[in-house]
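Presented below is the structure to which this report refers.
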Amino acid sequence: MNKATELVNFEQCPGDPFKANSTPIYQTATFELNSALGESKYDYTRSGNPTRDVLQNQVAKLENGKYGFAFATGMAAINALTGILKPGEHVIAGDDLYGGTVRLFTQRLREYRGISTSFVDVTNLEEVEAAFRPNSKLVLLETPSNPLQKIADMEKIAAIGHLHKAIVAVDNSFMSPWRQQPLDFGVDVVIHSATKYLSGHSDVSGGLLIVNDDSIAKQIAFIQNAEGSALAPFDAWLILRGMKTLGLRISAQEKNALHIIEYLKTQKLVEDIYYPTLTNHPNVKIHLKQASGGGGVVCIRTSNADIANDITNNVKLFKRSVSFGSICSSINVPVNTSHLAIDKNKRDNMNNLIRLSIGIEDHNDLIADLDTVFKKVRKEKNYA
Ligand SMILES: *Cc1c(COP(=O)(O)O)cnc(C)c1O
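Be aware that the sequence shown starts at 164, since it is given in our numbering, and climbs by one per residue.
Okay, structure coming up:
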């Protein structure tokens, strides 16, 4: 089946006697047991819930995986993945990652759990190879990365990781399974902040892990139950509902993004544009090998922090807001918000960077909003 069909045509209510066309929300903590021996498919929602199961199965299918696991947030999903690591083990991570991920690895794993992380440029395979130590157990990357949209070759990194017997995980929040399916390239674990494109409406937090390997799946299932970080039934339902329009939304957001990029190219205030399918992106070929589009996030570099902040402060239609992937366009300066936790040198180098998440509004309205602001800022700063 084509993905467009899979998004709306799936088993929405297995075993439901009324054959509802939308997944029932099993808003219950407990289930009546079949016998004193407790032999029932479901007993307790922390351990399993039918609504969450529908989401887990659906997202596994969309990512071409066997098992899906849903968590309260994207960070809870990533933290659950790190639960397979033991003190003394080592992680190799991309050097341009979501700030919350960096915070988890540096301020929780390193400081409290004895797990060290090397942050490396995953676009440079020699650097990846050189980072391995005998105790390296996990490689974690984003491609495209957030916010600089660096592209890593998933197939090659998975091969290097497997030579060293490490698990390779890719955070696919930027692309979503509509555009990229990392398991197809030999990756072991796909991560999602479902808060972003999968739900798509800025109305729910959630995180997902998708895997093929039975033994990794078993460990994650154990951690999800033991640590109690699974997603609640109503939130699972919201994400399921959002996912049905994933393809329509991303296709529209991408189309808008390309129109906006054409406008941005004409603007003197914009020194650089970061978007994975631009012909001058250094790794555009690798991106097009592993993804079918560029998504809806566009980052721009302005001359200085002042200009970046001024633009962000003066937009009207774009919402000044963290996160991305919503149907409403948003704007932020990552170093002041989503990426506060990255180290200071890197922050200083990105303080003139704006991240735009493009929504489904009419692109002419979005461009008009930016154009009004750019004119105003140019005038105030005496910028020709
Ligand atoms: C937002 C985000 C996360 C964290 O997800 P939450 O749902 O906010 O916990 C992880 N990775 C990436 C790439 C993100 O953008």
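The beta carbon of each residue, even a glycine, is placed where N, CA and C say it ideally should be.
Opening and closing residue of the beta strand (DSSP E) in which residue i lies
| i | result |
| --- | --- |
| Ala233 | 230-234 |
| Ala332 | 330-334 |
| Val254 | 253-257 |
| Ile589 | Since the displayed the chain opens at 164 and closes at 547, residue 589 lies outside it and no answer follows. |
| Arg518 | 516-520 |
| Phe282 | 279-283 |
| His325 | Here His325 belongs to no beta strand (DSSP E); instead the alpha helix (DSSP H) covers 317-326. |
| Val352 | 352-356 |
Own chain, CB closer than 6 Å to residue i, minus 5 neighbours either side, in chain order
| i | result |
| --- | --- |
| Lys431 | none |
| Gln221 | Phe173 |
| Met238 | Gly263 |
| Leu260 | Glu305 |
| Asn184 | none |
| Tyr205 | Phe194, Gly211 |
| Leu403 | Thr186, Leu218 |
Residue i and residue j closer than 9 Å at C-beta
| i | j | result |
| --- | --- | --- |
| Val492 | Leu529 | Strictly speaking, residue 492 in this sequence is Ser, with Val absent from that position. A contact, by the Cβ cut-off of 9 Å. |
| Lys313 | Val254 | no |
| Leu346 | His355 | no |
| Val460 | Arg510 | no |
| Gly456 | Leu441 | no |
| Ala380 | Phe234 | no |
| Ser368 | Phe337 | no |
| Asp351 | Leu304 | no |
| Glu434 | Thr465 | yes |
| Ile568 | Ile505 | An answer regarding residue 568 cannot be provided, because it is not within the stretch 164 to 547 covered by the chain. |
| Lys407 | Leu170 | yes |
| Tyr207 | Pro396 | no |
| Gly522 | Asn419 | yes |
| Gly201 | Gln382 | no |
| Leu371 | Ala454 | no |
| Leu516 | Pro177 | no |
| His422 | His526 | yes |
| Val498 | Asn514 | yes |
| Gly410 | Ile490 | no |
Three-state secondary structure (DSSP) of residue i
| i | result |
| --- | --- |
| Glu174 | coil |
| Ser308 | coil |
| Ser414 | helix |
| Tyr205 | coil |
| Val433 | coil |
| Ala192 | coil |
| Phe537 | helix |
| Leu427 | helix |
| Leu301 | strand |
| Ala393 | strand |
| Leu346 | helix |
| Leu361 | coil |
| Met164 | coil |
| Tyr546 | coil |
| Leu403 | helix |
| Asp525 | coil |
| Thr186 | coil |
| Asp532 | helix |
| Ala239 | helix |
| Thr408 | coil |
| Asp179 | coil |
| Leu200 | coil |
| Val366 | First, the amino acid is wrong: residue 366 is Asp here, not Val. Correct three-state label for Asp366: coil. |
Contacting residues, own chain, Cβ-Cβ under 8 Å from residue i (five flanking each side not counted)
| i | result |
| --- | --- |
| Val540 | Leu432, Ile470, Asp473, Ile474, Asn477, Tyr546 |
| Ala223 | Lys229, Tyr230, Gly231, Ile373 |
| Gly349 | Met317, Glu318, Ala321, Ala322, His325, Val331 |
| Ser486 | Thr358, Lys359, Ser365, Ser493, Ser501, Ser520 |
| Glu195 | Ser203 |
| Ile449 | Ile314, Ala315, Asp316 |
| Met164 | Asn172 |
Chain-order list of residues whose beta-carbon lies under 7 Å from that of residue i (same chain, five-residue window excluded)
| i | result |
| --- | --- |
| Pro340 | Leu225, Glu226 |
| Asn375 | Gly228, Lys229, Leu346 |
| Asn132 | Nothing can be reported for residue 132: it is not among the residues displayed for the chain, which extend from 164 to 547. |
| Gly179 | According to the sequence provided, residue 179 is Asp. The question's Gly does not apply to it. Excluding positions up to five away in sequence, the list reads Pro187. |
| Gly251 | Gly277, Asn298 |
| Asn495 | Thr475, Arg483, Ser484, Val485, Ser501, Arg518 |
| Ala399 | Thr214, Arg215, Leu218, Ala233 |
| Leu272 | Thr245, Ile278, Thr280 |
| Arg412 | Gly363, Ile490, Ile523 |
Continuous alpha helix (DSSP H) stretch holding residue i: start and end
| i | result |
| --- | --- |
| Val265 | 262-266 |
| Ser378 | 377-390 |
| Ser339 | 339-342 |
| Val291 | 288-294 |
| Ile247 | Here Ile247 belongs to no alpha helix (DSSP H), and DSSP marks it neither H nor E. |
| Lys224 | 213-225 |
Near ligand 2: residue i beta-carbon under 8 Å from a heavy atom
| i | result |
| --- | --- |
| Ala531 | This structure simply doesn't include ligand 2; it includes ligand 1 instead. |
Those runs of the alpha helix (DSSP H) which lie wholly inside the stretch 436-512 and span at least 4 residues
447-453, 468-477, 507-512
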